[in-house]
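Asker:
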Amino acid sequence: MTATITTDAVTTAPGRASKPPRRRRGRSVPHLLLIPAVLILLVGMGYPLVWQAVTSLQEFGIAQQFGKPAPFVGIDNYVSLATDPDMWAVVGRSLVFCLVTAAVTLAIGILLAVLMTAVGRAARLTLQISLLLAWAMPVVAAMTVWIWLFDRRRGVVNYLLDMIPGVDMNRFSWLSNPLTFFLVASIIVVWMSVPFVAFSVYAGLTQVSDEVLEAAQLDGASGWQRLRFVIMPMIRPVIAIVLLLQLIWDLRVFTQITMLQDAGSKAGEFDLLGTYIYKLGAGAQDFGMASAVSIFVLALTLAISWFYVRSLLKEDAQS
Amino acid sequence: MKRKYAAAAFATAAALVLAGCSSTGDAAQNESADGQDITLWLMGGDTPDTLRTYLQDEYEQATGGTLTIEEQGWGDAVAKLTTALPDAANTPDVTEIGNTWAPTFTNAGAFTDLSDMYDELGGDKLLPSFVEVGDVDGAHYALPYYFGSRYNFYRKDIWEAAGKTVPTTLAEFDETVKSLRTDAQSGFYIGGSDWRNGISWIFANGGDLAKKDGDKWVGTLSDPKTIAGLEEFQSLFEGASNAPVTEFDSTPWVNINDNEATGKPEAATIIAPGWAHWSIGDLAPDPKDATKTVATWNDDKFGTFVLPGVDGGVAPVFAGGSNIAISAASKNQAGAKELMKIIFSPEYQQMLGENGLGPANLDYASSLGDDQFAKALIESAAGSKLTPAAPGWAAVEGAGILEEFFGKVSAGGDVADLAKEYDAKLDELLN
Numbered sequence: 016m017t018a019t020i021t022t023d024a025v026t027t028a029p030g031r032a033s034k035p036p037r038r039r040r041g042r043s044v045p046h047l048l049l050i051p052a053v054l055i056l057l058v059g060m061g062y063p064l065v066w067q068a069v070t071s072l073q074e075f076g077i078a079q080q081f082g083k084p085a086p087f088v089g090i091d092n093y094v095s096l097a098t099d100p101d102m103w104a105v106v107g108r109s110l111v112f113c114l115v116t117a118a119v120t121l122a123i124g125i126l127l128a129v130l131m132t133a134v135g136r137a138a139r140l141t142l143q144i145s146l147l148l149a150w151a152m153p154v155v156a157a158m159t160v161w162i163w164l165f166d167r168r169r170g171v172v173n174y175l176l177d178m179i180p181g182v183d184m185n186r187f188s189w190l191s192n193p194l195t196f197f198l199v200a201s202i203i204v205v206w207m208s209v210p211f212v213a214f215s216v217y218a219g220l221t222q223v224s225d226e227v228l229e230a231a232q233l234d235g236a237s238g239w240q241r242l243r244f245v246i247m248p249m250i251r252p253v254i255a256i257v258l259l260l261q262l263i264w265d266l267r268v269f270t271q272i273t274m275l276q277d278a279g280s281k282a283g284e285f286d287l288l289g290t291y292i293y294k295l296g297a298g299a300q301d302f303g304m305a306s307a308v309s310i311f312v313l314a315l316t317l318a319i320s321w322f323y324v325r326s327l328l329k330e331d332a333q334s
Numbered sequence: 152m153k154r155k156y157a158a159a160a161f162a163t164a165a166a167l168v169l170a171g172c173s174s175t176g177d178a179a180q181n182e183s184a185d186g187q188d189i190t191l192w193l194m195g196g197d198t199p200d201t202l203r204t205y206l207q208d209e210y211e212q213a214t215g216g217t218l219t220i221e222e223q224g225w226g227d228a229v230a231k232l233t234t235a236l237p238d239a240a241n242t243p244d245v246t247e248i249g250n251t252w253a254p255t256f257t258n259a260g261a262f263t264d265l266s267d268m269y270d271e272l273g274g275d276k277l278l279p280s281f282v283e284v285g286d287v288d289g290a291h292y293a294l295p296y297y298f299g300s301r302y303n304f305y306r307k308d309i310w311e312a313a314g315k316t317v318p319t320t321l322a323e324f325d326e327t328v329k330s331l332r333t334d335a336q337s338g339f340y341i342g343g344s345d346w347r348n349g350i351s352w353i354f355a356n357g358g359d360l361a362k363k364d365g366d367k368w369v370g371t372l373s374d375p376k377t378i379a380g381l382e383e384f385q386s387l388f389e390g391a392s393n394a395p396v397t398e399f400d401s402t403p404w405v406n407i408n409d410n411e412a413t414g415k416p417e418a419a420t421i422i423a424p425g426w427a428h429w430s431i432g433d434l435a436p437d438p439k440d441a442t443k444t445v446a447t448w449n450d451d452k453f454g455t456f457v458l459p460g461v462d463g464g465v466a467p468v469f470a471g472g473s474n475i476a477i478s479a480a481s482k483n484q485a486g487a488k489e490l491m492k493i494i495f496s497p498e499y500q501q502m503l504g505e506n507g508l509g510p511a512n513l514d515y516a517s518s519l520g521d522d523q524f525a526k527a528l529i530e531s532a533a534g535s536k537l538t539p540a541a542p543g544w545a546a547v548e549g550a551g552i553l554e555e556f557f558g559k560v561s562a563g564g565d566v567a568d569l570a571k572e573y574d575a576k577l578d579e580l581l582n
């Protein structure tokens, strides 16, 4: 069962293509149809990527931007990055942030999805509409409100926490300390991405057939056991892709961090990879170094995605 | 697989060819300004609308062309200038730049040499420190546009109730504002990372951020005089300010006005750019917009004074303001020069002063008026100082190094250790 669902869900295209072609002429058509997409990819992503790779091997500062030739320095940029403790601090921080945030997002998203299947129609619609609203909210608008909520002086969060007896949160500055800064950032990112996870998982859950669940129930499986041993394996492909997307998004999170920095502090210990690259490139005008870090992030993303690609390949081999 | 390599090779080749094109973009120049349509970039909303309209009208009269004014936000202006200025197709013809960025862009070759029209535009009458940041090897590239300055605003009522008088030395200032601090009120409200105001204490003690050593710029945070200034600032921040150590770009005037909730101000004293006085005073609902308030200056409650120096006199504060220059990549050099003539004309210089912006040509400084704000502006500007004219200065600002450094000093870190650490960071970026 698991195998069939997976093949249907994610490997449809290769499955069809592997059928023996009836006529020779038909074979070139898919290739022709691929050309526009490949061209757009090459122009839209290939060019910047190649430029970035080339620049990462050059000394490229503001003088080069204004026309001086950029000398090739080999892997010098990478060497100085690898030996820079600041860079590794940023990488470590980004990885922890991305893992924690993605895990929390996924957990809350799955719980909400299960909740949607369990409650009545009115409650489900209310929940879905609220989730959609949160999802549709423009990032900058949402960030402005979040920053107000956590404002040191007039923020609702401090006001409410301060009302708890024995808790002194008056004027607590959330954004002045890296730990609370990233706690706030994580809460905001989770809030922004939970709707996507909840809807995707809910869509997966609707595909779990009632008969199977009924059979499990008849066999004496408890609610938790049905979730753990019947439902979860069935929706595993959905969860895998959602987790991967969350990991990638949370690794390159930029807007939320940069806006929180504007409200809090721009100091280095508040940087994640996104803001670190921006500061190096647009801020310090060291485009060579900034490109090298970007290439490193690309490699990191590929490494993180590898578990997913590998499981895809495995399932491909099984089917 | 081979096809993939070929594609990659082709893309690389394309990248190289395209990159090559952009570096040889020598603009074909038109000799005559007649009918040239040009673009002027202004930073933020500092230039009032009446002045913008004046420029457009005068430019049309002089050349028959259209002047388009595009406003750029201060925050991302360095990034925008870096990408637009080298590109003949997208560059503004004339652009305002923050005075401290002038060395970076002039050294990179972003601007046209204006030496031949320097005298016509005002010559020796132009604000010398601003002219200097726009010079490379004696040639003038970026000229002053306007200057501003910072001085103190204080609550007369609070100072008088505590029996305090306007200080005459920096040490007396520190003592006074420290004694005015309570848990609910800063004696002197200053963000811990607010280096643009904080450097006054370095400058006043004879220190600086960087100096030119031979033909290389080096950080001078570890200089004994700079350390003395930083330690004085550290003690001032710890003793007088309730602001977070990470606050860097605050709007301090909201703290000196009465707080709506408590009816009391959050600060007894602030330092702010001169134009902040429009936002300081007794607050009343704005008749045009119920969600806003308007401030009316009240001489009984509010006062101004210039930050005093270590031995009296005036402390050197950070000289705010802008420079203006013609993009070297512009195809409309003649039109751009026409616009420069209008900007440096007596009429326009006069208009700058009347709107509270220090005119580039000091002959027109009297246009600022003679009220207490104009006096404080002129007095504090006389002693004001700019950040180092190092080629990499815009990078230092862009990377936020000084915010970080001042934040750590304000948090109570060891000044000598921090100075050494951040001197090394400055050295990497300055040249």
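Sequences listed follow chains R and D, in order.
When you read off a place in the first sequence, starting at 1, and then add 15, the result is the number in my numbering.
When you read off a place in the second sequence, starting at 1, and then add 151, the result is the number in my numbering.
Ideal placement from N, C-alpha and C gives every residue a C-beta, glycine not left out.
Computed from a prediction, not measured in an experiment: that's the story for all the values here.
1. Pull the bridge partners of residue 477 (chain D) from the DSSP assignment, please.
2. Just verifying my parser: in three-state terms, what is the DSSP assignment at residue 64 (chain R)?
3. Report buried or exposed for residue 141 (chain R), applying the criterion of at least 16 other Cβ atoms within 10 angstroms of its Cβ.
4. Closer than 7 angstroms, Cβ to any Cβ of chain R: which residues of the segment 547-562 of chain D, in chain order?
5. Buried or exposed: where does residue 387 (chain D) fall if 16 or more other Cβ atoms within 10 Å of its Cβ makes it buried?
6. In whole angstroms, what separates the C-alpha of residue 181 (chain R) from that of residue 403 (chain D)?
7. Are the segment 242-261 of chain R and the segment 118-136 of chain R touching by the rule of at least three beta carbon pairs closer than 8 angstroms?
8. Please decide whether residue 582 (chain D) counts as near chain R, where near means a Cβ-Cβ distance under 8 angstroms.
9. Return the chain-ordered list of same chain residues with a C-beta closer than 7 angstroms to the C-beta of residue 66 (chain R), the five sequence neighbours on each side being excluded.
10. Of the residues that make up the segment 313-339 of chain D, which ones have a beta carbon closer than 8 angstroms to any beta carbon in chain R?
11. Examine chain R for any beta-carbon lying closer than 8 angstroms to the beta-carbon of residue 566 (chain D), and answer yes or no.
12. Measure the C-alpha to C-alpha separation of residue 285 (chain R) and residue 190 (chain D) and round it to an integer number of angstroms.
13. Give a yes or no on whether the minimum CB-CB distance between residue 245 (chain D) and chain R is below 8 angstroms.
14. Note down, in chain order, each residue of its chain lying with its Cβ closer than 7 angstroms to the Cβ of residue 247 (chain D), except the 5 sequence neighbours on either side.
15. Could you spell out where the alpha helix (DSSP H) holding residue 139 (chain R) opens and where it closes?
16. Nearest-angstrom Cα distance between residue 317 (chain R) and residue 323 (chain R)?
17. To the nearest angstrom, how far is it from the Cα of residue 186 (chain D) to the Cα of residue 63 (chain R)?
18. May I ask you to list the residues that DSSP assigns as paired with residue 301 (chain D)?
19. Taking a Cβ distance cut-off of 9 angstroms, strictly less, list which residues of the segment 163-193 of chain R are near chain D, in chain order.
20. What are the residues of the segment 291-302 of chain R that lie near chain D, defined by any Cβ-Cβ distance shorter than 8 angstroms?
21. Have a look at R:332, R:168, R:319, R:291 and flag the residue whose alpha-carbon is nearest the alpha-carbon of residue 412 (chain D).
22. Quick check on the DSSP output: what are the complete alpha helix (DSSP H) runs of length 4 or more inside the segment 37-122 of chain R, in order along the chain?
23. Is the distance from the Cβ of residue 546 (chain D) to the Cβ of residue 299 (chain R) below 8 angstroms?
24. What residues in its chain sit with their C-beta under 6 angstroms from that of residue 308 (chain D), if we drop five residues either side in the sequence?
25. Indicate whether residue 245 (chain D) and residue 477 (chain D) have their beta-carbon atoms separated by less than 8 angstroms.
26. Could you tell me whether any Cβ in chain D is nearer than 8 angstroms to the Cβ of residue 208 (chain R)?
27. How far does the beta strand (DSSP E) with residue 202 (chain D) in it reach, from first residue to last?
28. Quick check on residue 368 (chain D): does DSSP put it in helix, strand or coil?
29. Who are the near neighbours of residue 172 (chain D) in its chain, counting only those whose CB is closer than 7 angstroms to its CB and skipping five residues on each side?
30. Count the C-beta pairs between the segment 198-213 of chain R and the segment 152-166 of chain R that are closer than 8 angstroms, then say yes if the count reaches three, no if not.
31. What residues match up with residue 189 (chain D) in a beta bridge as DSSP calls it?
32. Cβ closer than 8 angstroms: which chain R residues qualify as neighbours of residue 399 (chain D)?
33. How about residue 109 (chain R) and residue 275 (chain R): are their beta carbons less than 8 angstroms apart?
34. For the segment 63-83 of chain R, enumerate the residues whose C-beta is nearer than 7 angstroms to any C-beta of chain D, in chain order.
35. Since residue 583 (chain D) and residue 502 (chain D) should fall inside the 8 angstroms C-beta cutoff, what is the C-beta to C-beta distance between them, to a whole number of angstroms?
36. Report all residues from its chain with a CB closer than 6 angstroms to the CB of residue 304 (chain R); omit the five preceding and five following residues, and keep chain order.
Answerer: Judging by the given coordinates:
1. By one-based count along the second sequence, residue 477 (chain D) stands at place 326. In the DSSP output, where bridge partners are listed per residue, residue 477 (chain D) has D:245.
2. Working through the first sequence from its first residue, we reach residue 64 (chain R) at position 49. Three-state DSSP puts residue 64 (chain R) in a helix.
3. For the purposes of this step, residue 141 (chain R) is identified with residue 126 of the first sequence, where counting begins at 1. That one is exposed.
4. 549, 550, 551, 554, 555, 558
5. Numbered from 1 along the second sequence, position 236 holds the residue referred to as residue 387 (chain D). Buried, since its Cβ has 16 or more Cβ neighbours within 10 Å.
6. As a first step, residue 181 (chain R) must be located in the first sequence, where it is residue number 166. As a first step, residue 403 (chain D) must be located in the second sequence, where it is residue number 252. If I take the Cα positions, the gap works out to 31 angstroms.
7. They touch, by the three-pair rule.
8. Indexing the second sequence from 1 puts residue 582 (chain D) at position 431. Not closer than 8 angstroms to any Cβ of chain R, the Cβ of residue 582 (chain D) fails to qualify, so no.
9. If you number the first sequence from 1, residue 66 (chain R) lands on position 51. No residues qualify anywhere along the chain.
10. Of all residues in the segment 313-339 of chain D, none places a beta-carbon less than 8 angstroms from a beta-carbon of chain R.
11. Within the second sequence, numbered from 1, the residue matching residue 566 (chain D) stands at position 415. False, the Cβ-Cβ gap to chain R never drops below 8 angstroms.
12. Taking the first sequence and counting its residues from 1, the one referred to as residue 285 (chain R) is at position 270. Taking the second sequence and counting its residues from 1, the one referred to as residue 190 (chain D) is at position 39. Answer to the nearest angstrom: the Cα atoms are 38 angstroms apart.
13. Residue 245 (chain D) sits at position 94 when you count from the first residue of the second sequence. It does not; no Cβ of chain R falls within 8 angstroms.
14. By 1-based counting over the second sequence, the position of residue 247 (chain D) is 96. For residue 247 (chain D), where only same-chain residues beyond five positions count, the Cβ hits under 7 angstroms are 192, 193, 194, 296, 473, 475.
15. For the purposes of this step, residue 139 (chain R) is taken as the residue at position 124 of the first sequence. 136-151 is the extent of the alpha helix (DSSP H) around residue 139 (chain R).
16. Reading the first sequence from its first residue, position 302 is the one you call residue 317 (chain R). Reading the first sequence from its first residue, position 308 is the one you call residue 323 (chain R). Computed Cα separation, rounded: 10 angstroms.
17. For the purposes of this step, residue 186 (chain D) is identified with residue 35 of the second sequence, where counting begins at 1. For the purposes of this step, residue 63 (chain R) is identified with residue 48 of the first sequence, where counting begins at 1. Whole-angstrom Cα-Cα distance: 38 angstroms.
18. Taking the first residue of the second sequence as 1, we reach residue 301 (chain D) at position 150. Bridge partners of residue 301 (chain D): D:424.
19. 167, 168, 169, 186, 188, 190, 191, 192
20. Within the segment 291-302 of chain R, the qualifying residues are 294, 295, 297, 298, 299, 300, 301.
21. Taking the first residue of the second sequence as 1, we reach residue 412 (chain D) at position 261. For residue 412 (chain D), the closest C-alpha among the options R:332, R:168, R:319, R:291 is that of R:168.
22. 43-56, 62-70, 77-80, 91-97
23. Your numbering for residue 546 (chain D) matches position 395 in the second sequence. Your numbering for residue 299 (chain R) matches position 284 in the first sequence. Contact: yes.
24. As a first step, residue 308 (chain D) is located in the second sequence; it is residue number 157 there, counting from the start. Contacts found: 452.
25. Stepping through the second sequence from its first residue, residue 245 (chain D) is reached at position 94. Stepping through the second sequence from its first residue, residue 477 (chain D) is reached at position 326. Their beta carbons are under 8 angstroms apart, which means residue 245 (chain D) touches residue 477 (chain D) by this criterion.
26. One-based indexing of the first sequence puts residue 208 (chain R) at position 193. Not one chain D Cβ lies under 8 angstroms of residue 208 (chain R).
27. Position 51 of the second sequence holds residue 202 (chain D). Looking at the DSSP string, residue 202 (chain D) is not in any beta strand (DSSP E); the run it does join, the alpha helix (DSSP H), is 200-214.
28. Looking up residue 368 (chain D) in the second sequence gives position 217. In the structure shown, residue 368 (chain D) sits in a strand (DSSP, three-state: E or B).
29. One-based indexing of the second sequence puts residue 172 (chain D) at position 21. Note that residue 172 (chain D) scores a pLDDT of 42, beneath 50, so its modelled location is shaky; the value from the coordinates is reported in the next line. Exclusion of the five residues before and after residue 172 (chain D) leaves no residue of its chain whose Cβ lies closer than 7 angstroms to its Cβ.
30. yes
31. Counting from 1 along the second sequence, the entry for residue 189 (chain D) is found at position 38. Answer is D:218.
32. For the purposes of this step, residue 399 (chain D) is taken as the residue at position 248 of the second sequence. The contacting residues are 280, 281.
33. The sequence position of residue 109 (chain R) within the first sequence is 94, counting from 1. The sequence position of residue 275 (chain R) within the first sequence is 260, counting from 1. No, the Cβ-Cβ distance between residue 109 (chain R) and residue 275 (chain R) is not below 8 angstroms.
34. Listed by position, the residues of the segment 63-83 of chain R near chain D (Cβ gap below 7 angstroms) are 65, 66, 69, 77, 78, 80, 81, 82.
35. Outside the shown range of chain D, which is 152 to 582, sits residue 583 (chain D), and nothing can be said about it.
36. What you label residue 304 (chain R) is simply residue 289 of the first sequence in a count that begins at 1. 92, 295.
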